[in-house]
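Inspection log for the structure reproduced underneath, given as structure tokens.
In my numbering, the protein residues as written are 1074 to 1472.
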């Protein structure tokens, strides 16, 4: 049979015309050796018998692993695939391309190696036990796309039991960049952080972390809403995390809906999806700030928001003021690892946020409150600030 006839009978490749699939085909990562193996002598030094001398030395002095293995400068990117981007619970196999992408960003922006690891379990105990078991191979643990409220317990238990940096990026990467953006948005509008009344829509991973870092930074008043309305002292049936929010936010005791709380508010911080009507944004304070971060569809239409808000930010790459975690996590881990930090503290996160805001500096304007995700100055600035904060706080590995 002629070849042309055979080709005609083959099913068309439905992915052939999509450039995204071309980038991902075969995966986006590889492992390469740092030194060639071209002789028996090379082989004997790289592997046996030479490697036995190195392993014996590490067995006698475990801290030598920091010098003679790659582990201290490798980050594990760990997910169970339950809260992936805007896709939700799609499972570990479907989450793997995202974790590979995260590893690419570590390499590109922070010159750090990382290994994507997806787990076929959603059980907190099993996730924690697995990460603890593999931790000797790594210098940091980046938790990714693990759904709330399990993500809070997973991170807390790993931080307690490991002496390497651990961070759930969906929480803290988002929070760091939000604080950086809010610092500069407040500057644009002639406000101080302490002047702001903020309404946070969403009490999931990002909402909780953003609320905590804004409190640490001295924001004046914060009220948090979930799908049932504002969290307040009269609410029943709250999780432990939401009870913490009740005890630390909403000092005025506001109740009712998130939309009602927006009346006269300075800042809307959307981290929940859904949509917000124009009337609610119109009722905010003059010169208000709208951060509508749901992807791919912001909770507040950006064009509509611009009619009322002095500053508008989204999570979208095709609009100004993109709140993108890549501004934070590469530099945070690089700085923590460079300093030999045993943890990532609140002070280190605050330092990262200030560093990101300072990259914008005097160029700040309504459509430029955070740097571009491709701005190569950012990771270096964040790493320097985070390392300095780690040294100042003394959260360092003993020599």
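A virtual CB, placed ideally from N, CA and C, is assigned to each residue, including glycine.
Cα-Cα separation, residue i to residue j
{"i": "residue 1248", "j": "residue 1288", "result": "11 Å"}
{"i": "residue 1380", "j": "residue 1250", "result": "24 Å"}
{"i": "residue 1191", "j": "residue 1453", "result": "29 Å"}
{"i": "residue 1276", "j": "residue 1353", "result": "20 Å"}
{"i": "residue 1337", "j": "residue 1348", "result": "19 Å"}
{"i": "residue 1131", "j": "residue 1123", "result": "13 Å"}
{"i": "residue 1230", "j": "residue 1351", "result": "42 Å"}
{"i": "residue 1377", "j": "residue 1196", "result": "42 Å"}
{"i": "residue 1405", "j": "residue 1227", "result": "20 Å"}
{"i": "residue 1455", "j": "residue 1431", "result": "10 Å"}
{"i": "residue 1420", "j": "residue 1167", "result": "35 Å"}
{"i": "residue 1361", "j": "residue 1255", "result": "11 Å"}
{"i": "residue 1116", "j": "residue 1109", "result": "9 Å"}
{"i": "residue 1358", "j": "residue 1364", "result": "14 Å"}
{"i": "residue 1332", "j": "residue 1156", "result": "26 Å"}
{"i": "residue 1501", "j": "residue 1440", "result": "Lying before the first or after the last residue shown, residue 1501 is absent from the chain, which here runs from 1074 to 1472."}
{"i": "residue 1186", "j": "residue 1174", "result": "12 Å"}
{"i": "residue 1374", "j": "residue 1298", "result": "19 Å"}
Classification of residue i by the beta-carbon crowding that lies within 10 angstroms, buried from 16 upward
{"i": "residue 1451", "result": "buried"}
{"i": "residue 1193", "result": "exposed"}
{"i": "residue 1107", "result": "exposed"}
{"i": "residue 1233", "result": "exposed"}
{"i": "residue 1096", "result": "exposed"}
{"i": "residue 1105", "result": "exposed"}
{"i": "residue 1395", "result": "buried"}
{"i": "residue 1087", "result": "exposed"}
{"i": "residue 1091", "result": "exposed"}
{"i": "residue 1165", "result": "buried"}
Close-in-space but distant-in-sequence residues of the same chain around residue i (CB under 7 Å, 5 per side omitted)
{"i": "residue 1437", "result": "1257, 1260 and 1261"}
{"i": "residue 1101", "result": "1173, 1174 and 1177"}
{"i": "residue 1283", "result": "1247, 1248, 1251, 1273, 1342 and 1344"}
{"i": "residue 1412", "result": "1460, 1463, 1464 and 1469"}
{"i": "residue 1138", "result": "1131 and 1144"}
Near the ligand SAH: residue i beta-carbon under 7 Å from a heavy atom
{"i": "residue 1173", "result": "In terms of ligand content, the structure shown is empty, and the ligand SAH therefore cannot be addressed."}
Beta-carbon proximity list for residue i, same chain, < 6 Å, skipping 5 on both sides
{"i": "residue 1327", "result": "1296, 1303 and 1334"}
{"i": "residue 1149", "result": "1188, 1190, 1211 and 1214"}
Residues near residue i in its chain [Cβ-Cβ closer than 8 Å; skip 5 each side]
{"i": "residue 1267", "result": "1291, 1292 and 1293"}
{"i": "residue 1356", "result": "1335, 1336 and 1337"}
In DSSP terms, what residue i is bridged to
{"i": "residue 1343", "result": "1274 and 1365"}
{"i": "residue 1469", "result": "1414"}
{"i": "residue 1395", "result": "1387"}
{"i": "residue 1213", "result": "1148"}
Whole-number beta carbon distance between residue j and residue i, since they are thought to touch under 8 Å
{"i": "residue 1442", "j": "residue 1386", "result": "7 Å"}
{"i": "residue 1463", "j": "residue 1409", "result": "6 Å"}
{"i": "residue 1339", "j": "residue 1270", "result": "5 Å"}
{"i": "residue 1159", "j": "residue 1369", "result": "6 Å"}
{"i": "residue 1426", "j": "residue 1253", "result": "4 Å"}
{"i": "residue 1218", "j": "residue 1152", "result": "5 Å"}
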